[in-house]
Structures are given as C-alpha cells and as structure tokens.
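Numbering (the numbering used here), first residue to last: 1 to 315.
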C-alpha cells in the first residue's frame with residue numbers, strides 16, 4: 001500500500017505496516033509516555049472529516065458563484081480546496097465503514113477491505129501530491145503577479161491555467177495509482193523527495209518574492225504615500241498564501257517526519273516512540289483541511305462576502 005489512510009490500522013494497508021512493523025519495546029519507557037500506539041476514536045476522524053468536507057465545499061461553491069473570483073489564482077485555490085475535500089471524503093467514507101464493521105452492522109471479506117483501502121489510499125496520495133503541486137503553483141502565480149504585473153494576464157492566461165490544473169490532477173492520479181503497485185518503502189521515499197523538492201521551490205520563491213517586493217514597496221510609498229498600489233494587493237495575496245503554506249507545514253510536517261524516520265531509523269527507541277503517536281499526526285492532516293477554508297475567509301474580503309451569501313442561500 002501507499003499512503004497511510006485515516007484508519008488505524010486497516011488490514012493489509014500501509015497503516016498496518018507503519019503501526020505493527022514498528023513495535024514499541026521495553027527500552028522505550030525511557031523516552032515514551034506510553035507503551036502502546038496512541039489510538040484516536042473513529043468518531044473524531046468522522047467529525048473532522050465531515051466538517052472539512054462542508055467547509056471546502058462552501059469555498060468551491062463561493063468561487064464558482066462569484067464571477068469576480070474567476071481568475072487563475074482563485075482557480076488554483078479552488079483546486080486546493082478540492083484536494084482537501086479528497087482527504088475528507090476518504091476519511092469519512094473509510095471511517096464510516098470501519099464503524100459499521102466494528103459494530104457488526106457490516107461484514108466484509110478481507111479482500112474487499114483491501115480493495116477499499118487501496119482506493120482510499122489512492123485518494124490520500126492524490127490529495128497530497130495535488131496539494132503540494134497547487135501550493136507551488138500558487139507561489140509561482142504570486143511571483144509572476146508581483147514581478148511581472150504588466151505581463152501577468154499574457155503569461156497566466158485562462159487556457160494555461162486550465163492546462164496546468166488538468167496536468168496536476170492527471171499526474172497526481174496516475175502517480176498515486178502506480179504507487180499502489182510498488183513496495184511501500186519506495187513509495188515513502190518518493191513522497192519524501194517530492195515533499196522536500198516542493199518545499200525548497202516554494203521557499204526559494206517566497207524568499208526572493210518578499211525581499212524584492214519589500215524594496216518595491218519602499219519605493220512606491222516614497223512616491224505615492226496616499227495611494228494603494230498593485231504590489232500591495234499582490235503582497236496581501238502572498239501573505240495569505242504564506243499562511244496557508246505555514247499551516248501546511250505544521251499539519252503535514254509531523255507526518256512527513258514520521259515517514260523520514262521510517263526510512264532512517266525504524267528500530268531506534270526514540271524513533272519508535274515517535275511512531276506511537278501516528279494517529280495524532282493523522283489528526284493534524286485532517287485539521288489542515290479544516291483550517292484552510294477559514295484562512296480563505298478571513299484573508300479575502302470578496303471571498304468572505306460570497307461565503308456568507310452561499311451560507312444564507314442554504315438557510
């Protein structure tokens with residue numbers, strides 16, 4: 001299997017590999033506060049998944065509804081919300097089935113459970129790769145907006161934006177499907193390399209972006225102190241996306257550190273201690289999908305207004 005899903009652990013899944021192949025031994029008592037893996041109730045996964053799905057669905061509906069938000073940047077943000085929805089859908093569906101099985105309402109064969117877990121893991125993997133890709137694309141989009149403002153609409157056309165979106169989803173879907181057919185160690189290595197590559201790219205763009213944009217802002221403020229500039233608007237968007245990136249690191253960082261430790265020190269007492277809190281790292285992953293829509297709403301006045309209209313329409 002490929003990427004751990006919210007189940008703890010599903011038979012035959014990589015969750016089972018991550019959980020059972022890395023036991024907590026007696027020597028870990030020096031490092032750990034628990035001798036057994038921490039288990040989070042399925043009901044909590046189900047609640048967070050449902051909340052995340054509803055929030056991101058509102059974001060997608062708001063962007064679709066408001067024509068003022070029909071721009072490449074908001075299309076990319078919409079795709080990021082869809083990626084978060086994939087995490088939510090896989091979490092809700094898989095946890096729901098797990099609850100039915102635990103309570104004896106549903107009886108399934110191990111082969112059926114294996115196939116279902118494969119599908120859920122593929123959704124998680126696709127979501128992870130697409131989220132990282134769209135965060136990188138959003139950073140590039142902001143970079144172009146700030147430093148190539150006059151040429152932005154010629155560079156980032158609607159057709160190119162659609163091509164980028166289709167390419168990201170296609171590559172993410174195909175890659176996640178291929179990953180299922182390979183050994184879990186190879187998959188983990190690929191995901192870690194992909195994660196680190198995207199992080200380096202995004203950080204390099206943002207460092208250059210904020211350094212030069214700060215110089216531009218100083219020059220503009222000295223010439224036009226009473227006027228708002230396009231660079232200010234671009235910087236506001238860049239700050240919003242920086243917050244999104246920071247939240248992504250906080251929520252996904254422990255999970256990726258877990259994967260890195262599996263590759264580097266799977267039997268070390270300190271590492272196995274870290275592995276025992278795997279369920280908490282999965283909770284953080286779900287929380288990322290919950291927090292992102294809140295950031296959209298608070299940082300964008302236009303999106304915030306449209307979200308209110310969408311909510312009132314349902315009422």
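All residues carry an ideal CB built from backbone N, CA and C; glycine is no exception.
For this session: Taking only runs that begin and end inside the segment 104–191, name each unbroken alpha helix (DSSP H) of 4 or more residues, in chain order.
Result: Taking only runs of at least 4 residues, the alpha helix (DSSP H) segments lying wholly in the segment 104–191 are 110–147, 152–155 and 158–180.
Exercise. Mind checking residue 48: buried by the 16 CB within 10 Å criterion, or exposed?
Worked result: Its Cβ being crowded by 16 or more others within 10 Å, residue 48 is buried.
Exercise. What are the boundary residues of the alpha helix (DSSP H) that includes residue 72?
Worked result: 72–102 is the extent of the alpha helix (DSSP H) around residue 72.
Problem set entry | Same chain only: Cβ atoms within 6 angstroms of residue 61, ignoring 5 sequence neighbours per side | The beta carbon of residue 61 is closer than 6 angstroms to those of 310 in its chain, skipping five residues each way along the sequence.
For this session: Thinking residue 134 and residue 80 are a contact (beta carbons under 8 angstroms), I'd like their distance in whole angstroms, please.
Result: Approximately 5 angstroms separates the beta-carbon atoms of residue 134 and residue 80; this is inside 8 angstroms, confirming the contact.
For this session: Could you spell out the range, first to last residue, of the alpha helix (DSSP H) harbouring residue 42?
Result: From DSSP, the alpha helix (DSSP H) with residue 42 extends over 42–65.
Exercise. Is the beta carbon of residue 286 sitting closer than 8 angstroms to the one on residue 52?
Worked result: Residue 286 is a Cβ neighbour of residue 52, given a cutoff of 8 angstroms.
For this session: For the segment 99–113 and the segment 122–139, state whether three or more C-beta atom pairs, one from each stretch, are separated by less than 8 angstroms.
Result: No, they do not touch.
Exercise. Does the Cβ of residue 72 have 16 or more other Cβ atoms within 10 Å, making it buried, or fewer, making it exposed?
Worked result: Residue 72 should be labelled buried.
For this session: Measure from the alpha carbon of residue 139 to the alpha carbon of each residue in 299, 199, 277 and 64, then state which is nearest.
Result: Per the Cα distances, 199.
Problem set entry | Where the alpha helix (DSSP H) through residue 269 begins and ends | Counting along the chain, the unbroken alpha helix (DSSP H) around residue 269 starts and ends at 269–275.
For this session: Leaving out five residues on either side along the sequence, give the residues of the same chain with a beta carbon under 6 angstroms from the beta carbon of residue 136.
Result: So the list reads 198, 201 and 202, once near-sequence residues are dropped.
For this session: Ignore the nearest five residues each way along the sequence and tell me which others in residue 245's own chain have a CB closer than 8 angstroms to its CB.
Result: For residue 245, where only same-chain residues beyond five positions count, the Cβ hits under 8 angstroms are 135, 139, 202 and 206.
For this session: Taking 8 angstroms as the cut-off, decide whether the C-beta atoms of residue 95 and residue 56 are in contact.
Result: At a Cβ-Cβ threshold of 8 angstroms, residue 95 and residue 56 do not count as neighbours.
Exercise. Just checking, does the segment 74–88 make contact with the segment 290–299 on the three C-beta pairs under 8 angstroms criterion?
Worked result: Result yes; three or more Cβ-Cβ pairs closer than 8 angstroms.
Exercise. In whole angstroms, what is the alpha-carbon distance linking residue 69 and residue 148?
Worked result: Cα-Cα distance, rounded: 21 angstroms.
Exercise. For residue 142 versus residue 209, is the C-beta spacing smaller than 8 angstroms?
Worked result: In this structure, residue 142 places its C-beta atom within 8 angstroms of the C-beta atom of residue 209.
For this session: Count the other CB atoms, across all protein chains shown, that sit within 10 Å of the CB of residue 25; report buried if there are 16 or more and exposed otherwise.
Result: Here residue 25 scores only 43 on pLDDT, less than 50, and its place in the model is too uncertain to base an answer on.
For this session: Determine the direct distance from the alpha carbon of residue 219 to that of residue 123, and round the result to whole angstroms.
Result: Taking the straight line from one Cα to the other gives about 47 angstroms.
Problem set entry | Of the residues 146, 299 and 92, the one placed nearest residue 215, counting alpha carbons only | Nearest C-alpha to residue 215: 146.
For this session: Please report how far the alpha carbon of residue 191 lies from the alpha carbon of residue 173, in whole angstroms.
Result: If I take the Cα positions, the gap works out to 14 angstroms.
Exercise. Can you list, in chain order, the residues of its chain whose CB lies under 8 angstroms from that of residue 318, leaving out five sequence neighbours each side?
Worked result: Since the first and last residues shown for the chain are 1 and 315, residue 318 lies out of range.
Exercise. Which whole-angstrom value describes the C-beta separation of residue 93 and residue 120, a residue pair presumed to lie in contact below a C-beta threshold of 8 angstroms?
Worked result: The beta carbons of residue 93 and residue 120 sit about 7 angstroms from each other, so the pair counts as a contact at 8 angstroms.
For this session: Please say whether residue 188 and residue 89 have beta carbons closer to each other than 8 angstroms?
Result: No.
Exercise. By Cβ distance below 6 angstroms, which residues in the same chain neighbour residue 281 in space, the five residues on each side in sequence not counted?
Worked result: Shown here for residue 281: same chain residues with a beta carbon closer than 6 angstroms to its own, the five before and five after excluded, namely 254, 255 and 258 in chain order.
Exercise. In or out: residue 182 buried (at least 16 other Cβ within 10 Å) or exposed?
Worked result: Exposed is the call here.
Exercise. Got a sec? Which residues, its chain only, sit under 8 angstroms from residue 302 by beta carbon, not counting five neighbours each side?
Worked result: Around residue 302: 66, 68 and 69.
Problem set entry | Distance, residue 169 Cα to residue 185 Cα | Using only the alpha carbons, I get a separation of about 24 angstroms.
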